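Worksheet: the structure to be examined is printed underneath.
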Amino acid sequence: MHDIIVVGAGPAGLTAAIYAVRANKKVLVLEALACGGQIINTSHIDNYPVAPHITGADFGKTLQKQAEDLGVEIEYDEVTHITPIEGGFKVESEDEEYSAKSVILATGTSPRKLGLENEDSFIGKGISYCATCDGGFYKGKTVAVNGGGNSALHEALYLSGICDKVYLIHRRDEFRADAALVDKVKTKDNIELVLNANITKLNGEKHLESIETDNGHTLNVSGLFVAIGRIPNAAGLVDGLELTDDYVASGEDCKTNIPGLFVAGDVRTKELRQLVTATSDGAIAATAAIDFTHE
Ligand code: NAP
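First residue of the sequence shown? That's 27 in the working numbering, and the numbers climb one at a time after it.
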C-alpha cells in the first residue's frame, strides 16, 4: 500500500507529489495521458513567478523531472474508480488495482465540446481544441476560433501569426477575456470578429470545409479551434463524492466530504483557475494528506 496516490500529473498533482515525497511518504502518481496537464498546450507562460516566458511544454517537462529526481513514482494508467476501504482507498484502472492510505484528486478539466452532430468525426480533420498543439497544420490557411474567454483570444492571437485569416466567433458582443487581450486582438488585421453567433453546422466531406452560424454566416475554413471553456474530470470517479456544478466541492483547505480524499487544482470549486493556484493547491492538499496518514 502507498501512503498517498495522486491522480493526475498536472501542476497541482506533481506539486502535491513533490511535497509528499519530501515528507518521506511513499507516493504514486497515476496519469492517464501525459505529465504537465493542460499547461503543456500553452505556448508561453508570462504570469508564473520567476519563470518568465517559459513555454508550457518546458514547464511540464521541468516539473516532471523535478518530481522524478526527488523520487516520485509516476505510472501511466487511467483511473476509473476510487473506493474508500478499511485503512484507506482502493484505486482502480481498467487492468490494475492500487491502494493508498490517502488520495489526492488532481484530474483537472477537459475541453467543452460544441455538441454538434458530426463534431467527433472532424476531430483531427479540421476540429481542434488546442491551437498550440495543432495550429502548425493550418499554416497559410483560413481558420476559425470559437469562444470569448482568455483561451479563445490567446488561440486567435497565436493562430493569427500562422494562418492567413482567423475568424473569432463569439456568442455575445462582449468578451469575457481580459481587456488587454481584447485590445490586442483588435489590432490584428487578419482576425475578423463574428459576434452574436453560435455555430450550428459543420460541413465537409472527409475534412472540415465550412461552418455555419445561427446569424446567417457560412464561413469557409480549414480548421475550427473550439475554446468554449472546460469540464471538470470528476463525474463518476468516487461514489458519494460531493460535487458542485460538476466540480469537486472543496474549500481552500482542499478537503472533500470524504475523509482522507483531498482535491487540488482546476477540478475543485474555486474562484481562480490558474497555474499558481493549482500549484498552491498541490502544496495544501499534500500537507493535509500527509497529516491524515499520521492520524
Ligand atoms: P471561460 O473563461 O469560461 O470562457 C469560455 C467562453 O466560451 C466564454 O466566452 C463563453 O461565452 C463561451 N462559451 C461557453 N459555452 C459556450 C457554448 N456552448 N457555445 C459557445 N460559446 C460558449 O474559459 P477559458 O477561456 O477556457 O478560460 C478558463 C479559465 O482559465 C479562465 O479563468 C481564464 O481566465 C483562465 N485562463 C487564463 C489565461 C491567462 O493568460 N491568464 C489564459 C487562458 C485561460 P460567454 O462569455 O457568453 O459565457
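Glycine included, each C-beta is placed from N, C-alpha and C at the ideal position.
Predicted model, so just to flag it, every value in this text is computed and none were measured.
### Task
Report the three-state DSSP secondary structure of Asn172 (helix, strand or coil).
strand
### Message
Is it the case that the region 210 to 229 contacts the region 105 to 113, given that we only count it when at least three CB pairs across the two stretches are under 8 angstroms?
### Response
no
#### Entry: Same chain only: Cβ atoms within 6 angstroms of Phe318, ignoring 5 sequence neighbours per side
Counting only Cβ-Cβ distances below 6 angstroms, and skipping sequence neighbours, we find Ser128, Gly286.
### Query
Exposed or buried, what is Tyr193 when buried is set at 16 or more other beta-carbons lying within 10 Å of its beta-carbon?
Tyr193 should be labelled buried.
### Message
Judging by CA-CA distance, which residue of Ala315, Thr41, Ala178 is the nearest neighbour of Ser154?
### Response
Ala178
### Task
Note down, in chain order, each residue of its chain lying with its Cβ closer than 6 angstroms to the Cβ of His28, except the 5 sequence neighbours on either side.
Lys52, Leu54, Ala126
### Message
Please report the distance separating the alpha-carbon of Pro137 from that of Lys87.
### Response
22 angstroms
### Query
Residues in its own chain within less than 8 angstroms of Tyr164 by CB, not counting five upstream and five downstream?
Contacts found: Leu185, Ile188, Cys189, Ser248, Gly249.
### Task
Please find out if some non-hydrogen atom of ligand 1 comes closer than 8 angstroms to the beta-carbon of Leu54.
no
### Task
Alpha carbon to alpha carbon, how far is Ser236 from Leu298? Give it in angstroms, no decimals.
35 angstroms
### Message
For ligand 1, is there any heavy atom lying closer than 8 angstroms to the beta carbon of Thr68?
### Response
yes
### Query
Just the Cα atoms here: how many angstroms apart are Val33 and Glu104?
9 angstroms
### Task
Verify whether the separation of the beta carbon atoms of Ala312 and Tyr45 is less than 9 angstroms.
Between Ala312 and Tyr45, the gap from beta carbon to beta carbon is short of 9 angstroms.
### Task
Report, in whole angstroms, the separation of the C-beta atoms of Pro37 and Gly262, which I expect to be a contact under 8 angstroms.
Not quite, the Cβ-Cβ distance comes to about 24 angstroms (not below 8 angstroms), so this is no contact.
### Message
So for Ile316, helix, strand or coil by DSSP?
### Response
helix
### Message
Assuming the contact rule is C-beta atoms closer than 8 angstroms, Ala132 and Gly308 should be a hit. Round their C-beta distance to whole Å, please.
### Response
7 angstroms
### Message
Does the beta-carbon of Leu140, which I'm using as the reference point, lie nearer than 8 angstroms to any heavy atom of ligand 1?
### Response
Within the cutoff, so yes.
### Query
For the candidate residues Phe288, Val264, Asn216, whose alpha-carbon lies nearest to that of Lys167?
Distance check between Lys167 and each of Phe288, Val264, Asn216 places Asn216 closest, using alpha-carbon atoms only.
### Query
Which residue or residues does DSSP assign as beta-bridge partners of Ala126?
His28, Phe115
### Query
Where do the ends of the alpha helix (DSSP H) carrying Gly162 lie?
Unbroken run through Gly162: none, as it is neither H nor E.
### Task
Taking only the alpha-carbon atoms, compute the straight-line gap between Cys61 and Gly242 and give it to the nearest angstrom.
42 angstroms
### Task
Look at the alpha carbon of Gly39 and the alpha carbon of Gln90, and state the distance between them as a whole number of angstroms.
Linking Gly39 to Gln90 through their CA atoms gives a straight-line distance of about 10 angstroms.
### Query
Which residues in the same chain have their Cβ closer than 6 angstroms to the Cβ of Ala58, if we skip the five residues on either side of it in sequence?
Glu104
#### Entry: 7 angstroms Cβ shell around Gly134 - same chain, five flanking residues per side excluded
Gly34, Gly36, Gly63, Gln64, Asn259, Gly291, Asp292, Val293
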